[in-house]
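J.: Residue numbers (this note's numbering), protein chains in the order written: chain A, 78 to 204; chain B, 78 to 204; chain C, 78 to 204; chain D, 78 to 204; chain E, 78 to 204; chain F, 78 to 204.
6 protein chains.
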Amino acid sequence: MNNEDRYQRGVEKLREVSGEAGERVIDMLKDIAPDFARYLIEFPYGDIYSRPGLDLKTREIAVVAALTALGNAVPQLKVHIHGALNVGCSREEIVEIIMQTAIYAGFPAALNGLFSAKEVFKERDAS
Amino acid sequence: MNNEDRYQRGVEKLREVSGEAGERVIDMLKDIAPDFARYLIEFPYGDIYSRPGLDLKTREIAVVAALTALGNAVPQLKVHIHGALNVGCSREEIVEIIMQTAIYAGFPAALNGLFSAKEVFKERDAS
Amino acid sequence: MNNEDRYQRGVEKLREVSGEAGERVIDMLKDIAPDFARYLIEFPYGDIYSRPGLDLKTREIAVVAALTALGNAVPQLKVHIHGALNVGCSREEIVEIIMQTAIYAGFPAALNGLFSAKEVFKERDAS
Amino acid sequence: MNNEDRYQRGVEKLREVSGEAGERVIDMLKDIAPDFARYLIEFPYGDIYSRPGLDLKTREIAVVAALTALGNAVPQLKVHIHGALNVGCSREEIVEIIMQTAIYAGFPAALNGLFSAKEVFKERDAS
Amino acid sequence: MNNEDRYQRGVEKLREVSGEAGERVIDMLKDIAPDFARYLIEFPYGDIYSRPGLDLKTREIAVVAALTALGNAVPQLKVHIHGALNVGCSREEIVEIIMQTAIYAGFPAALNGLFSAKEVFKERDAS
Amino acid sequence: MNNEDRYQRGVEKLREVSGEAGERVIDMLKDIAPDFARYLIEFPYGDIYSRPGLDLKTREIAVVAALTALGNAVPQLKVHIHGALNVGCSREEIVEIIMQTAIYAGFPAALNGLFSAKEVFKERDAS
């Protein structure tokens with residue numbers, strides 16, 4: 078496979094998972110680190126998200142759990158709560174995943190995750 | 078619901094998810110913090126894991142992702158890789174989940190997660 | 078003990094420690110995760126904070142240190158700086174605790190903790 | 078104050094808090110980073126621990142909470158569980174502090190803290 | 078060496094690295110923790126930054142990498158992106174360093190680092 | 078560029094930076110996640126490390142700082158202390174970089190980094 082195909086596959090996967098929010102991140106990188114925009118499409122989306130063996134919904138469940146636990150990447154958590162909803166998670170499932178992380182990363186991480194989910198749900202209700 | 082029921086429900090859920098490894102953690106707490114052993118059964122397993130709205134397999138996928146990302150709780154990650162396998166994840170799915178976290182928590186976190194999975198798979202092959 | 082008593086005990090402890098700020102957190106959870114609001118009252122406040130063996134002031138000292146060190150839960154740190162003051166810490170003691178964490182979690186964590194304390198002290202002077 | 082006095086004050090405070098374990102850390106630094114051994118005595122112990130405004134027992138409570146929450150500094154956590162006991166904390170208080178952090182940093186961090194405490198208690202029983 | 082000399086050396090080093098941004102941090106500490114302002118000058122700048130063996134540019138490269146990886150100290154990261162530029166790093170080098178950390182701390186940490194760099198570059202273009 | 082070239086470039090860069098230790102990591106992944114071994118060569122080494130704009134020595138300085146600060150990836154930190162030495166850092170420079178991170182990530186992170194460096198230096202003296 079050449080890199081152009083990998084990039085194209087990544088662009089499509091990014092659109093499927095993250096929609097406009099993903100494209101906005103890519104745009105924000107254009108003037109400061111255009112190569113990093115390319116890597117972000119190629120490795121995460123062209124390589125990892127494009128793998129068989131786990132459907133996109135399950136991947137986004139893992140991502141929401143990981144980002145809630147890390148607790149220091151709120152913008153990315155919001156992008157991926159959108160992403161999880163885009164690929165078939167229900168709001169109830171997202172709330173359950175975040176509550177589950179309270180056990181492993183503590184109540185503040187879970188609270189901040191729930192408040193991010195609340196904002197995302199509002200954004201979607203408004204549009 | 079009284080607390081005794083909650084405790085019993087937690088004991089059963091702990092056994093279902095974590096099997097002997099879960100009981101070993103409870104035993105290790107007996108002489109130093111027996112009340113914490115009880116809380117561990119009641120809140121995580123009696124409350125959270127017992128909720129409807131997300132099946133056990135999905136919960137364990139979220140937990141493996143969260144613990145891999147945090148990267149500072151290797152014994153618990155191993156318990157929950159066992160747990161994920163106990164409740165229906167395949168080894169391939171676990172490897173996919175851990176590779177997915179490389180994007181969000183970095184390659185070292187994912188490498189250490191994969192090496193934990195490797196040890197767990199060996200333990201299961203040996204028994 | 079039944080769960081209703083545990084909940085009531087938690088509500089009282091939450092009020093004693095966190096006052097209005099605690100109630101505001103509970104309110105913010107009502108529409109997105111009402112069960113999590115209940116868990117937050119039951120386990121942290123009904124179980125842990127209600128234990129004998131450590132007074133509330135000492136518990137809040139531990140919490141301010143832990144949240145300053147983690148550094149990714151500013152809203153909760155502010156709630157518990159209020160909490161520490163509510164249960165008998167002086168402002169000087171809070172500043173000492175946060176400075177102490179500089180050794181273990183670095184100067185940025187301590188600086189951000191001190192700036193949170195500064196905001197809390199201003200809020201209390203204003204009201 | 079000149080730096081020699083600060084160093085001497087730090088040496089005494091290190092001995093009071095961390096005893097032989099503290100001296101062992103200093104020794105381990107001698108061949109690789111002797112200046113860092115000196116800074117460790119001067120800033121944490123000569124400056125911070127020597128301040129009035131918070132007694133040593135309260136400082137160690139904050140340190141045990143912070144290190145349990147961070148979860149990636151087990152050797153230092155053990156040194157400071159010893160330290161907390163050296164300056165007047167009871168074993169019961171240490172167990173309470175670590176259980177308190179479960180709320181803020183998750184159950185794995187608290188479990189690993191309790192297991193560190195268990196090892197320290199055994200070391201002291203053996204000597 | 079007496080402490081007064083150490084303080085003076087720290088003030089000069091802070092000015093050289095962090096310029097006005099450093100002085101602003103010191104000012105913000107004056108009313109809440111003036112001693113901590115003094116420690117911040119003495120230990121980081123008077124002791125560590127003043128050491129021979131590594132030039133200031135290399136030190137700031139290490140600091141930008143560490144703060145990007147930690148991901149929970151955005152104000153300090155911005156101060157040190159300014160700092161790195163003040164002591165001779167180019168904008169391109171800073172972007173490279175932050176992209177490098179994506180491997181070790183994940184894409185969200187690197188993205189947030191790049192967006193901090195973008196803000197700093199704008200601030201410098203505006204003044 | 079096609080992916081085969083990217084892979085070859087990555088293999089060479091991995092060898093240059095991490096030598097045998099890098100190859101050992103790749104080998105350890107072979108039976109559990111061979112694709113991840115490939116990604117590890119392609120993205121970090123084939124893409125990032127192969128970029129112009131920052132020499133390998135400076136990249137490794139950033140990596141040692143980032144891994145010391147994260148504090149939860151000791152095996153990787155040791156690989157990259159070796160790496161830093163392989164591409165031209167002196168032992169003194171590595172010690173300086175780790176001491177520098179004490180300011181930003183705390184003394185325990187720096188102590189554990191220095192003890193990792195001590196082990197690496199011994200390994201190299203022995204061989």
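Virtual Cβ for every residue (Gly too), placed ideally from N, Cα, C.
1. In chain F, which residues lie less than 9 Å from D/M105 when you measure between Cβ atoms?
2. Give the residues of chain A in contact with B/V140, contact being defined as C-beta atoms less than 9 Å apart.
3. Going by beta-carbon coordinates alone, are D/H157 and D/V140 separated by less than 7 Å?
4. Check each candidate in F/V94, F/T145, F/A143 and F/A110 and name the one with the smallest Cα separation from F/D132.
5. Could you list the residues in the region 81-94 of chain F with a C-beta less than 8 Å from some C-beta on chain A, going in chain order?
6. Using 7 Å as the threshold, is the C-beta distance between B/L144 and A/Y181 below it?
7. Which residues mark the beginning and the end of the alpha helix (DSSP H) in which E/V94 is found?
8. I'd like to know whether the C-beta of A/Y122 is nearer than 7 Å to at least one C-beta of chain H.
9. Exposed or buried, B/N79, counting other C-beta atoms within 10 Å across all chains shown (16 or more means buried)?
10. What's the gap between the Cα of A/N149 and the Cα of E/A194?
11. Going by C-alpha to C-alpha distance, which of B/I138, B/I174, B/L147 and B/E173 sits closest to B/A161?
12. Looking at D/K199 and the ligand MG, is the gap between the Cβ and the nearest heavy atom below 6 Å?
13. Keeping to the same chain, check which residues put their C-beta closer than 8 Å to that of E/R168; ignore five residues upstream and five downstream.
14. If we count the other Cβ atoms within 10 Å of its Cβ and call it buried at 16 or more, is D/K107 buried or exposed?
15. Just the Cα atoms here: how many angstroms apart are C/P129 and A/L154?
16. So, with DSSP's three-state summary, where would you put F/S193?
17. Assuming F/A146 contacts E/A146 (C-beta within less than 8 Å), just tell me the rounded distance between them.
18. For C/Y126, decide whether its Cβ has a neighbour in chain B, counting only Cβ atoms nearer than 7 Å.
19. For the alpha helix (DSSP H) that contains F/A161, what are its first and last residues?
20. Quick one: which chain C residues come within Cβ less than 9 Å of A/V156?
21. Distance check for D/I103 and D/A114, CA to CA, integer angstroms please.
22. What is the DSSP secondary structure of D/R128, counted as helix, strand or coil?
23. Among residues of its own chain, excluding the 5 on either side of E/A142, which ones have a beta-carbon nearer than 6 Å to its beta-carbon?
24. Going by other Cβ atoms of all chains shown within 10 Å of its Cβ, with 16 needed for buried, is A/A187 buried or exposed?
25. Using a C-beta cutoff of 7 Å, does B/P129 count as contacting chain F?
26. Would you kindly work out how many angstroms separate the C-alpha atoms of B/P111 and F/F192, rounded to a whole number?
27. Just to make sure I have the definition right: I need the residues of chain A whose C-beta is within less than 7 Å of the C-beta of B/A146. Which are they?
28. In or out: F/A98 buried (at least 16 other Cβ within 10 Å) or exposed?
29. Roughly how many angstroms lie between the CA atoms of C/P121 and C/R101, to the nearest whole one?
30. Here's the rule: buried if 16 or more other CB atoms are within 10 angstroms of the residue's CB, otherwise exposed. What is E/E200?
31. As a quick exercise: from A/P152, A/G183, A/E119 and A/G96, pick the residue whose alpha carbon is nearest that of A/R86.
32. Taking the alpha helix (DSSP H) that D/I180 belongs to, which residues open and close that run?
33. How is the alpha helix (DSSP H) around D/P121 delimited, first residue to last?
34. Less than 8 Å between the CB atoms is what I'm expecting for A/K134 and A/G165, so what's the real figure, rounded?
35. Could you tell me whether any Cβ in chain D is nearer than 7 Å to the Cβ of F/V172?
36. Just to check my reading of the structure: F/G183 and C/G183 have Cβ atoms closer than 8 Å, yes? What is that Cβ distance to the nearest angstrom?
T.: With the given structure in hand:
1. Translated into the one-based positions of the fourth sequence, residue 105 of chain D becomes position 28. By Cβ distance, chain F contributes L188, L191, F192 and K195.
2. Looking up residue 140 of chain B in the second sequence gives position 63. Those are A142, Q177, T178, I180 and Y181, listed as they occur along chain A.
3. Here residue 157 of chain D is taken as the residue at index 80 of the fourth sequence, counted from 1. Here residue 140 of chain D is taken as the residue at index 63 of the fourth sequence, counted from 1. In contact: D/H157 and D/V140 (Cβ atoms closer than 7 Å).
4. Residue numbering aside, residue 132 of chain F sits at position 55 when the sixth sequence is read from its first letter. Ranking the options by Cα distance to F/D132, first place goes to F/V94.
5. R83
6. On the second sequence, residue 144 of chain B is found 67 positions in, with the first residue counted as 1. On the first sequence, residue 181 of chain A is found 104 positions in, with the first residue counted as 1. Taking 7 Å as the Cβ cut-off, B/L144 and A/Y181 qualify as a contacting pair.
7. As a first step, residue 94 of chain E must be located in the fifth sequence, where it is residue number 17. It spans N80 to L106 - the alpha helix (DSSP H) in which E/V94 sits, taken as one unbroken run.
8. The structure shown contains no chain H; its protein chains are A, B, C, D, E and F.
9. As a working mapping, residue 79 of chain B is identified with position 2 in the second sequence. B/N79 comes out exposed.
10. As a working mapping, residue 149 of chain A is identified with position 72 in the first sequence. As a working mapping, residue 194 of chain E is identified with position 117 in the fifth sequence. The alpha-carbon atoms of A/N149 and E/A194 are separated by roughly 17 Å.
11. Working through the second sequence from its first residue, we reach residue 161 of chain B at position 84. When only C-alpha atoms are compared, the closest one is B/I138.
12. This structure does not include the ligand MG; it has no bound ligands of any sort.
13. Within the fifth sequence, the letter at position 91 stands for residue 168 of chain E. Closer than 8 Å at Cβ, skipping near neighbours: L162, A194 and F198.
14. Sequence index remark: in the fourth sequence, residue 107 of chain D carries index 30 (1-based). Result: exposed.
15. By 1-based counting over the third sequence, the position of residue 129 of chain C is 52. By 1-based counting over the first sequence, the position of residue 154 of chain A is 77. The alpha-carbon atoms of C/P129 and A/L154 are separated by roughly 38 Å.
16. The residue given as residue 193 of chain F occupies position 116 in the sixth sequence. If DSSP states are grouped into helix, strand and coil, F/S193 belongs with the helices.
17. Locating residue 146 of chain F in the sixth sequence gives position 69, counting from the first residue. Locating residue 146 of chain E in the fifth sequence gives position 69, counting from the first residue. That belief holds up - the Cβ atoms of F/A146 and E/A146 are roughly 5 Å apart, short of 8 Å.
18. For the purposes of this step, residue 126 of chain C is identified with residue 49 of the third sequence, where counting begins at 1. Taking Cβ atoms only, chain B never reaches closer than 7 Å to C/Y126, which makes this a no.
19. Here the question's residue 161 of chain F lines up with position 84 in the sixth sequence. Unbroken alpha helix (DSSP H) run through F/A161: V151 to N163.
20. For the purposes of this step, residue 156 of chain A is identified with residue 79 of the first sequence, where counting begins at 1. Result: empty, since nearest Cβ-Cβ is about 18 Å, beyond 9 Å.
21. Along the fourth sequence, one-based indexing puts residue 114 of chain D at 37. Along the fourth sequence, one-based indexing puts residue 103 of chain D at 26. Going by the C-alpha atoms only, they are around 5 Å apart.
22. On the fourth sequence, residue 128 of chain D is found 51 positions in, with the first residue counted as 1. In this structure, D/R128 counts as coil in the three-state DSSP scheme.
23. Translated into positions along the fifth sequence, residue 142 of chain E becomes position 65. For E/A142, where only same-chain residues beyond five positions count, the Cβ hits under 6 Å are I174 and T178.
24. By one-based count along the first sequence, residue 187 of chain A stands at place 110. With 16 or more Cβ atoms within 10 Å of its Cβ, A/A187 is classed as buried.
25. For the purposes of this step, residue 129 of chain B is taken as residue 52 along the second sequence, with counting starting at 1. No, its Cβ sits nowhere closer than 7 Å to a Cβ of chain F.
26. Taking the second sequence and counting its residues from 1, the one referred to as residue 111 of chain B is at position 34. Taking the sixth sequence and counting its residues from 1, the one referred to as residue 192 of chain F is at position 115. Distance between the alpha carbons of B/P111 and F/F192 is about 35 Å.
27. Taking the second sequence and counting its residues from 1, one reaches residue 146 of chain B at position 69. Chain A residues near B/A146: A143, A146 and L147.
28. Taking the sixth sequence and counting its residues from 1, the one referred to as residue 98 of chain F is at position 21. Its Cβ being crowded by 16 or more others within 10 Å, F/A98 is buried.
29. Locating residue 121 of chain C in the third sequence gives position 44, where the first residue counts as 1. Locating residue 101 of chain C in the third sequence gives position 24, where the first residue counts as 1. C/P121 and C/R101: Cα-Cα distance of roughly 16 Å.
30. On the fifth sequence, position 123 is the one that residue 200 of chain E refers to. It is exposed - the Cβ of E/E200 has fewer than 16 other Cβ atoms within 10 Å.
31. In the first sequence, counting from the first residue as 1, residue 86 of chain A sits at position 9. Closest by alpha carbon: A/E119.
32. Indexing the fourth sequence from 1 puts residue 180 of chain D at position 103. Unbroken alpha helix (DSSP H) run through D/I180: R168 to A182.
33. Translated into the one-based positions of the fourth sequence, residue 121 of chain D becomes position 44. Note, D/P121: premise wrong, no alpha helix (DSSP H); not H, not E.
34. Walking along the first sequence from the start, residue 134 of chain A turns up at place 57. Walking along the first sequence from the start, residue 165 of chain A turns up at place 88. Confirmed, about 4 Å.
35. What you label residue 172 of chain F is simply residue 95 of the sixth sequence in a count that begins at 1. Yes, its Cβ sits closer than 7 Å to a Cβ of chain D.
36. Taking the sixth sequence and counting its residues from 1, one reaches residue 183 of chain F at position 106. Taking the third sequence and counting its residues from 1, one reaches residue 183 of chain C at position 106. At roughly 4 Å, the Cβ-Cβ gap stays under 8 Å, so F/G183 and C/G183 are in contact.
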